[in-house]
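Please read the structure below before turning to the comments.
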Amino acid sequence: MQTTLKAPVTFEGHGLHSGRPARVTVRPAVAEHGIWFKRVDVMVGDNLIPALWDAAERTPLCTRIVNAAGVSVSTIEHLMAALAGTGIHNAMIEIDGPEVPILDGSAAPFVKTFLARGLRTLNAPVRAIEVLKPVMVETGAGWAMLEPGRVPSMAFSIDFEDAAIGTQSKRITLANGSFVRELCDSRTFCRQRDVEAMQAQGLALGGTYENAVVVDGDKVLSPGGLRHADEAVRHKMLDALGDLALAGAPILGHYTGVRAGHSMTNLLLEALFTTEGAFRMVVCDSLTRAELPGAGVVLDEVPAVA
Ligand SMILES: [Zn+2]
70 MQTTLKAPVT
80 FEGHGLHSGR
90 PARVTVRPAV
100 AEHGIWFKRV
110 DVMVGDNLIP
120 ALWDAAERTP
130 LCTRIVNAAG
140 VSVSTIEHLM
150 AALAGTGIHN
160 AMIEIDGPEV
170 PILDGSAAPF
180 VKTFLARGLR
190 TLNAPVRAIE
200 VLKPVMVETG
210 AGWAMLEPGR
220 VPSMAFSIDF
230 EDAAIGTQSK
240 RITLANGSFV
250 RELCDSRTFC
260 RQRDVEAMQA
270 QGLALGGTYE
280 NAVVVDGDKV
290 LSPGGLRHAD
300 EAVRHKMLDA
310 LGDLALAGAP
320 ILGHYTGVRA
330 GHSMTNLLLE
340 ALFTTEGAFR
350 MVVCDSLTRA
360 ELPGAGVVLD
370 EVPAVA
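Residue numbers (this note's numbering): 70 to 375.
Structure follows, in structure tokens:
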């Protein structure tokens, strides 16, 4: 069955790119509502933005959704991953600014708070998107693909010159709480040499050594080092899950990303939804439901992070 939160939860912090403070309240919603953002600081005109792929702008460093009135919310991907990864299908997310707070750079604070507050089961079945034939997108940077597969699963590969990241690959199925155990605490990362360039463009203004893993060659500059030796690829999988959640329903299929990013995932969803016969909507029976990312998540399994 579909779920929502038992009661509202609130997060406060600064946006990674804007550096602006923001307060986010995730509120329970009824069945079939889906995930919506509401810019409570926008008093005039439409302040509602659906968390759907066709509302996303293809921006390189984060995921931004925007409505027809031009009202937007940026850096939604870690919050979206936390919702998808804990199996929350319906929520109204109120935010008083243009960017979701980065918190510790991972999805763990969202996940922990959602699971602590608890989920409520709603009186409507979960519908999922079954991938029927492979769709792929390729750019100069890399490629991404969705293929048929009974169980939602992911594989991701990255390679960076910096030895602190290097070449990393990981493959997981998303059932049995593996998102919570293996992905949710991995933080966003960047290279020291890119920080100045980003800041010159007005980005990463809220970035710190605490809310991002900053590397320089073979050195990890963030205090405390890495949470996982392959934290970078785990974070890319977290981002992909959050971006794929803009499909509006869980995806039954296998995702592969090779040097993929936010824009590429968005192009992939567009390919899925515009390719004849690439998918169908299915009502999940209890067996399928047990394979979805939110099944079997346990608060005690959220990694202990600062
Ligand atoms: Zn990210």
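Glycine residues also receive a C-beta, built at the ideal position from the N, C-alpha and C atoms.
Note that the structure is a prediction, hence the values are computed from the model and not measured.
Please determine whether the Cβ atom of residue i lies at a distance below 7 Å from any heavy atom of ligand 1.
i	result
Thr-182	no
Glu-345	no
His-83	no
His-297	no
Glu-146	yes
Thr-277	no
Asp-308	yes
Thr-334	no
Thr-208	no
Thr-128	no
His-304	yes
Thr-257	yes
Helix, strand or coil, according to DSSP, for residue i in the structure here?
i	result
Ala-375	In this prediction, Ala-375 has a pLDDT of 46, which is less than 50 and means its spatial position is unreliable; what the coordinates show is noted afterwards. It is coil, neither helix nor strand.
Val-367	coil
Gly-154	helix
Met-214	strand
Lys-239	strand
His-102	coil
Asp-123	helix
Phe-179	helix
Gly-84	strand
Thr-79	strand
Ser-143	strand
Asp-254	coil
Val-206	strand
Val-220	coil
Arg-358	helix
Arg-96	strand
Leu-117	strand
Ala-91	strand
Arg-328	coil
Ala-269	helix
Asp-263	helix
Met-376	The chain is shown only over 70 to 375; residue 376 falls outside these bounds and no answer can be derived.
Glu-199	strand
Met-112	coil
Leu-191	coil
Thr-277	coil
Leu-148	helix
Leu-130	coil
Please classify residue i: is it buried, with 16 or more other beta-carbons within 10 angstroms of its beta-carbon, or exposed?
i	result
Pro-167	buried
Ala-373	exposed
Thr-73	buried
Asn-159	buried
Ala-137	exposed
Ala-375	Unreliable placement is indicated for Ala-375, whose pLDDT of 46 sits below 50; no coordinate value is reported for it.
Asp-312	buried
Arg-349	exposed
Asn-192	exposed
His-83	buried
Val-352	exposed
Thr-155	buried
Pro-97	buried
Met-161	buried
Pro-170	buried
Taking residue i and residue j to be in contact with their CB atoms under 8 Å, please state how far apart those CB atoms are, rounded to whole angstroms.
i	j	result
Ala-177	Cys-259	Actually they are not in contact, since the Cβ atoms of Ala-177 and Cys-259 sit about 19 Å apart, beyond 8 Å.
Val-142	Arg-108	7 Å
Pro-362	Phe-248	5 Å
Val-95	Val-78	5 Å
Glu-216	Gly-286	Rounded, the Cβ-Cβ distance is 36 Å, inconsistent with contact.
Taking only beta-carbon positions, decide if residue i is within less than 8 Å of chain B.
i	result
Pro-194	Looking for chain B here will not work: only one protein chain is present.
Problem set entry | Ordered list of beta strand (DSSP E) runs contained in the region 280 to 314, each at least 3 residues | Those beta strand (DSSP E) runs which fall completely within the region 280 to 314 and span 3+ residues are 282 to 285.
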